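K.L.:
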Amino acid sequence: MATNVYAATLTSEVLRSFAKTPDNRLREILCSLTAHLHAFVQDIAPSVEEWDHAIDFLTRTGRACSDVRQEFILLSDVLGVSMLVETINGQETPEATDSTVLGPFHMVESPVRELGDDVSPESEGPRCVVSGHVLSIDGTPIPDAKIDIWQADAKGFYDVQQPGIQSVGNGRALLRSDRRAGSTSAASSRCITRSPPTGPSANC
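Written out as structure tokens, the structure is:
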């Protein structure tokens, strides 16, 4: 016989439904997610229309994803979750440079370029030269370290956002730190701006 479930007991009923989930970590995640999500809904008390709009928002977010765009990552960035995950998982070596998010427009394979190359040869606007050092946590230079660069054009758009306008690889580079003292690396690019959200995340 079906159990009558009321708002006051719904959360505990749902949590009990996960008791036989075989994966311990998955069960932990499901229970925590459910408890926090139910508390959130109780807090804001959305109308049915608002909840329908939220479902539609997630549907449109999924439809905005493609092989070159991950709208859910952008939404995660907008909500600050991406950086929070990076922060939680980057605490093992406090002496090292803080990690940060890759963002939704990172590519696995960028064009290989030489130090000092213009990484955005097709982009208009003034150039700026970026240089730095790649060091271990004890200050020792690290030669031949891979440096992955991806940047938007002067209007804030990445190459994958403008097929037919920008060639794939414009604004991107894979560089290697040199072997000089300090392992200095440099690349030339145009001045950049933050890429504006253009999908559902733009409404946040």
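Each residue of the sequence shown is one higher than the one before, starting from 216 at the first, in my numbering. The C-beta atom is built at its ideal place from N, Cα and C for all residues, glycine as well. It should be emphasised that the depicted structure is a prediction, and the values quoted were computed from it without experimental measurement.
(1) For the segment 368 to 382 and the segment 333 to 343, state whether three or more C-beta atom pairs, one from each stretch, are separated by less than 8 Å.
(2) Taking all protein chains shown into account, do 16 or more other C-beta atoms lie within 10 angstroms of the C-beta of V334, making it buried, or fewer, making it exposed?
(3) Scan the segment 354 to 379 and note each continuous beta strand (DSSP E) run of 3 residues or more that stays entirely inside, going in chain order.
(4) Let me know if I288 comes out buried or exposed under the rule of 16 or more other beta-carbons within 10 Å of its beta-carbon.
(5) Do S325 and R391 have their beta-carbon atoms positioned less than 8 Å apart in this structure?
(6) Can you tell me the Cβ-Cβ gap for L350 and P358, rounded? I've got them flagged as a contact below 8 Å.
(7) So, with DSSP's three-state summary, where would you put D271?
(8) When we look at the beta-carbon of F320 and count the other beta-carbons within 10 Å, is it buried (16 or more) or exposed?
(9) Look at the alpha carbon of I270 and the alpha carbon of A367, and state the distance between them as a whole number of angstroms.
(10) Mark D374 as exposed unless 16 or more other C-beta atoms lie within 10 angstroms of its C-beta, in which case mark it buried.
(11) Pick helix, strand or coil for G386, following the three-state DSSP scheme.
P.N.:
The short version:
(1) Taking 8 Å as the limit for Cβ pairs, the verdict is that the segment 333 to 343 does touch the segment 368 to 382.
(2) Taking the sequence shown and counting its residues from 1, the one referred to as residue 334 is at position 119. Under this definition V334 is a buried residue.
(3) Scanning the segment 354 to 379 from its first residue to its last, the whole beta strand (DSSP E) runs of 3-plus residues come out as 361 to 365.
(4) Within the sequence shown, numbered from 1, the residue matching residue 288 stands at position 73. A buried status is given to I288, since no fewer than 16 other beta-carbon atoms sit within 10 Å of its beta-carbon.
(5) Translated into the one-based positions of the sequence shown, residue 391 becomes position 176. Translated into the one-based positions of the sequence shown, residue 325 becomes position 110. Going by beta carbons, R391 and S325 fall outside the 8 Å limit.
(6) Position 135 of the sequence shown holds residue 350. Position 143 of the sequence shown holds residue 358. About 11 Å separates the Cβ atoms of L350 and P358, ruling out a contact at the 8 Å cut-off.
(7) The residue labelled residue 271 in the question sits at position 56 within the sequence shown. Reduced to three states, the DSSP call for D271 is helix.
(8) Here residue 320 refers to the residue found at position 105 when the sequence shown is read from its first residue. Result: buried.
(9) Here residue 270 refers to the residue found at position 55 of the sequence shown. Here residue 367 refers to the residue found at position 152 of the sequence shown. Roughly 31 Å between the two C-alpha positions.
(10) Translated into positions along the sequence shown, residue 374 becomes position 159. Label assigned to D374: buried.
(11) Residue 386 sits at position 171 when you count from the first residue of the sequence shown. Note: G386 maps to coil in three-state DSSP.
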